[in-house]
Amino acid sequence: MSANWYLVLSALLFSVGAGGVLVRRSPLVILLCLELMLNSSNLALITFSRNIGNADGQIFALVVMVVAAAEVVVGLGLIVAMYRRRLALDVDESRGLRG
Amino acid sequence: MEQVAFFAGAIGALGGAIAVILLRNPFYSVLALVVHLFSLAGLFLLLHAEFLAAAQVVVYAGAVMVLYVFVAAYVGGIEEPLWDAIPGQRILAPLVAGALFIELSIAILASGLESLGSEGPTIPLGFGSPEAIGKSLLEDFLIPFEAASMLLLIAAVGAVVLAARRPPLDSPDVEEPSILNPPEGGV
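These protein sequence lines map, in sequence, to chains A and B.
Using our numbering, read the first sequence as starting at 9 and increasing by one per residue.
Using our numbering, read the second sequence as starting at 41 and increasing by one per residue.
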């Protein structure tokens, strides 16, 4: 399989994730869609790493995974805090950043 | 054989991704994301990224998804209102996503990079194995590696602080004990 196939698949997955972020309103599902986008970029990084024959791109993908894990932890902490304070779990409801 | 594996992984990844954004129940969305991650791990194997495929399954589909499942179960089903917050959002968003896909595809296919049409060079034995990844992590990329560990530590502390028990917004007078303001006389 040529690298183009993988890259187009990665672009397709990224677009699906971006469309999900635009259309959904539950913060939990928006976090899931962010995961989709991060994973599609990982696929592109690994494809280029294979295509160049240098494994350094895989380190990039590993760092993306770490950043995604950190983002998930903070995002889920925010969702739990919103739920505990009985705020509406809807990104359009909670637009203000007043503490 | 490789084509069959690629298309199986691609269909799984794409189907999982579409199911994530179409299913109404967040719990099912999380399960669809697990399918997506497993399919991607298969694609990583095809690209000779053995360590990353294992990390994807263990870290993502294992640990991170368990967190999601817990939070989805804790928060419960979130009812999304049917009206659009921005008029036409439900029609415009897929159009924007489609435009993004077409643009990215043009950028990839018209890039003129000849190597993208090939499978890539023959790679040495052990490419992407835990040994090779560990070696380059600790030799060439030591500082990013340490920065990543600091980032994870900060994220863990931040999550504990964020999710600490606080009084609800409508009754600000009641002080509940929390990590930030512990009760008198110790815990």
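Where a beta carbon is used, it is the ideal one built from N, C-alpha and C, also for glycine.
*asked:* Using a 10 Å radius around the Cβ and a threshold of 16 neighbouring Cβ atoms, would you call Tyr14(A) buried or exposed?
replied: Stepping through the first sequence from its first residue, residue 14(A) is reached at position 6. The residue in question, Tyr14(A), is buried, as its Cβ has 16 or more Cβ neighbours within 10 Å.
*Can you tell me whether Ser102(A) is buried or exposed, with buried defined as 16 or more other CB within 10 angstroms of its CB?*
Position 94 of the first sequence, counted from the first residue, corresponds to residue 102(A). The residue in question, Ser102(A), is exposed, as its Cβ has fewer than 16 Cβ neighbours within 10 Å.
*Where does the unbroken alpha helix (DSSP H) through Thr162(B) begin, and where does it stop?*
Along the second sequence, one-based indexing puts residue 162(B) at 122. No alpha helix (DSSP H) holds Thr162(B); DSSP gives it neither H nor E.
_Do Gly157(B) and Ser10(A) count as a contact pair if the criterion is CB distance below 7 Å?_
In the first sequence, counting from the first residue as 1, residue 10(A) sits at position 2. In the second sequence, counting from the first residue as 1, residue 157(B) sits at position 117. The answer is yes: Cβ separation under 7 Å.
*CA nearest to the CA of Val74(A), picked from Leu202(B), Val200(B), Leu144(B) and Leu191(B)*: Taking the first residue of the first sequence as position 1, residue 74(A) is located at position 66. Looking at the Cα atoms, Leu191(B) is the closest of the given residues.
*Going by alpha carbons, who is nearest to Ala94(B) out of Ser79(B), Ala112(B), Ser176(B) and Leu107(B)?*
Numbered from 1 along the second sequence, position 54 holds the residue referred to as residue 94(B). Measuring from the Cα of Ala94(B), the nearest candidate turns out to be Ser79(B).
*So, helix, strand or coil for Ser79(B), using DSSP?*
By 1-based counting over the second sequence, the position of residue 79(B) is 39. In the structure shown, Ser79(B) sits in a helix (DSSP, three-state: H, G or I).
*asked:* Can you look up Leu51(A) in the DSSP assignment and give me helix, strand or coil?
replied: Here residue 51(A) is taken as the residue at index 43 of the first sequence, counted from 1. In the structure shown, Leu51(A) sits in a helix (DSSP, three-state: H, G or I).
*At a CB-CB cut-off below 8 Å, which residues of chain B make contact with Ser23(A)?*
Position 15 of the first sequence holds residue 23(A). Neighbours of Ser23(A) on chain B, chain order: Ala137, Gly138, Leu140, Phe141 and Leu144.
*So, is the C-beta of Val106(B) closer than 7 Å to a C-beta in chain A?*
On the second sequence, residue 106(B) is found 66 positions in, with the first residue counted as 1. No - not a single Cβ of chain A is within 7 Å of the one on Val106(B).
_Report the CB separation of Ser23(A) from Ala50(B) in whole angstroms; it is logged as a contact under 8 Å._
To locate residue 23(A), count along the first sequence from 1; it is residue 15. To locate residue 50(B), count along the second sequence from 1; it is residue 10. About 14 Å; that fails the 8 Å criterion.
*Alpha-carbon spacing of Asn2(A) relative to Ala69(A), whole angstroms*: Nothing in the structure corresponds to residue 2(A), since chain A is present only between 9 and 107.
*Pick helix, strand or coil for Ala150(B), following the three-state DSSP scheme.*
Here residue 150(B) is taken as the residue at index 110 of the second sequence, counted from 1. Ala150(B) falls in the coil class under three-state DSSP.
*Output, in sequence order along the chain, the residues in the segment 146-167 of chain B whose CB is closer than 7 Å to any CB in chain A.*
Ile148, Leu149, Ser155, Leu156, Gly157, Ser158, Glu159, Gly160, Pro161, Ile163 and Phe167
*Which term fits Thr162(B), buried or exposed, when burial requires 16 or more other beta carbons within 10 angstroms of its beta carbon?*
If you number the second sequence from 1, residue 162(B) lands on position 122. Flag for Thr162(B) reads exposed.
*Cβ of Gly168(B) within 7 Å of Cβ of His88(B)?*
As a working note, residue 168(B) is residue 128 in the second sequence. As a working note, residue 88(B) is residue 48 in the second sequence. A contact, by the Cβ cut-off of 7 Å.
*Could you check which residue in Val72(A), Gln66(A), Gly85(A) and Ile67(A) has the C-alpha nearest to that of Leu107(B)?*
In the second sequence, residue 107(B) corresponds to position 67, counting from 1. Comparing Cα-Cα distances from Leu107(B) to each of Val72(A), Gln66(A), Gly85(A) and Ile67(A), the minimum goes to Gly85(A).
*Three CB pairs or more closer than 8 Å across the segment 143-156 of chain B and the segment 32-44 of chain A*: no
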